[in-house]
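**Q** Here the sequence shown stands for residues -10 to 238, where the numbers follow this note's numbering.
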Amino acid sequence: MTIDSKDTIDPLRLPQHVAIIMDGNGRWAKEKGKLRVFGHKNGVKAVRDTVEGAVEIGVKYLTLYAFSTENWNRPKLEVSALMELLVSTLSKETKTLMKNGVRLQAIGDLAQLPGRCYKGLQEVIAQTGNNTNSTLTLALSYSARWEITEAAKQLAKAALEGSIQPDEIDEKLFSQYLSTRDMPDPELLIRTSGEQRISNYLLWQLAYSELYFTPKMWPEFRKADLFEAIAAYQKRERRFGMTSEQLNS
Ligand code: FPP
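Given below as structure tokens:
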């Protein structure tokens, strides 16, 4: 399965941006009679392999939903374990990010992160800032409704100050106020664990994305699964509201 999928990928029609909802860590651990944190720790292996796969194949942007606004409501112990895992993973992986030319970015309400986590994150962002092979974006303390509301707030302020006119607001200007302003929209969204929801992730940016759901739990996801998702994406016809005939003419 692994080699076949990679071989069938057309390098000229790669998605530039792949977004992933990493789901199923808790259930995977529970199936094994372990604590949820065990699932998250194994989820890091999946992150590592997926990032490597994305770089290997030439995907320019990979955006991972690492912690949602709603995740703050999880048991305190799980939240702090996740934050610790984030800090330790980032510092351990900086070398590999540098070696692979990956730039790290983060989107979300980062001010909510514990100080140590915020600081660690900013350090790796600064250190990898000049890398140009791929951009890895972590959505942390992120929710799309929060992001859209923030954009609306900033636009309203700009209008009040007179730096923009309300009539100037169009989709292009609006997207400039989102945290993804410097990236193309994802052509492909992958969600693991068999759930088929968007869960408040990149609601604006996913407007025309192809959605790919796999029953595989996140800790078991590997680059071969990424390749399989991309191969499946390339078999789809993206019509953007047009007809097949229009696209093919
Ligand atoms: C979803 O599984 C996963 C998360 C909320 C956290 C994802 C975090 C990691 C993979 C580890 C750290 C990440 C990085 C980028 C270093 P879930 O807990 O919702 O699983 P469940 O649906 O089975 O309960």
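The beta carbon of each residue, even a glycine, is placed where N, CA and C say it ideally should be.
Please read all numbers here as calculations on a predicted model, not as lab measurements.
What are the start and end residues of the beta strand (DSSP E) that includes Thr52?
**A** Translated into the one-based positions of the sequence shown, residue 52 becomes position 63. Element bounds for Thr52: 50 to 57.
**Q** Find out if the Cβ-Cβ distance for the pair Tyr131, Ser57 is shorter than 8 Å.
**A** Within the sequence shown, the letter at position 142 stands for residue 131. Within the sequence shown, the letter at position 68 stands for residue 57. Closer than 8 Å, so yes.
**Q** Would you check if there are 3 or more beta carbon pairs closer than 8 Å linking the stretch 57 to 71 to the stretch 80 to 91?
**A** No, the stretch 57 to 71 does not touch the stretch 80 to 91.
**Q** Kindly indicate which residue of Leu236, Phe229, Leu66, Ala55 has the alpha-carbon position closest to the one of Thr249.
**A** The displayed coordinates of the chain run from -10 to 238. Any statement about residue 249 would go beyond what the structure contains.
**Q** In or out: Glu199 buried (at least 16 other Cβ within 10 Å) or exposed?
**A** Taking the sequence shown and counting its residues from 1, the one referred to as residue 199 is at position 210. Classification of Glu199: buried, given that the 10 Å Cβ count is 16 or more.
**Q** Helix, strand or coil for Leu102 per DSSP?
**A** By 1-based counting over the sequence shown, the position of residue 102 is 113. The answer is coil: DSSP assigns Leu102 none of H, G, I, E or B.
**Q** Short of 7 Å in beta carbon distance, which residues of its chain neighbour Pro103, apart from the five on each side in sequence? Order them along the chain.
**A** Here residue 103 corresponds to residue number 114 of the sequence shown, with the count starting at 1. Answer for Pro103: Met72, listed in chain order.
**Q** So what does DSSP say about Gln143, is it helix, strand or coil?
**A** On the sequence shown, residue 143 is found 154 positions in, with the first residue counted as 1. Reduced to three states, the DSSP call for Gln143 is helix.
**Q** With respect to the beta strand (DSSP E) encompassing Glu199, which residues constitute its N-terminal and C-terminal limits?
**A** As a working mapping, residue 199 is identified with position 210 in the sequence shown. First-last of the beta strand (DSSP E) with Glu199: 199 to 202.
**Q** Throw me the rounded Cβ distance for the Glu123 and Tyr50 pair, which I believe falls under 8 Å.
**A** Indexing the sequence shown from 1 puts residue 123 at position 134. Indexing the sequence shown from 1 puts residue 50 at position 61. Strictly speaking, residue 123 in this sequence is Ser, with Glu absent from that position. Confirmed, about 7 Å.
**Q** Closer than 7 Å by C-beta to Gln223: which residues in its own chain qualify, once you throw out the five before and the five after it? Chain order, please.
**A** Walking along the sequence shown from the start, residue 223 turns up at place 234. Cβ neighbours of Gln223 beyond the five flanking positions: Ile(-2), Asp(-1), Arg2.
**Q** Answer yes or no: do Tyr190 and Ile10 have a C-beta to C-beta separation smaller than 8 Å?
**A** Taking the sequence shown and counting its residues from 1, the one referred to as residue 190 is at position 201. Taking the sequence shown and counting its residues from 1, the one referred to as residue 10 is at position 21. Yes. Within cutoff.
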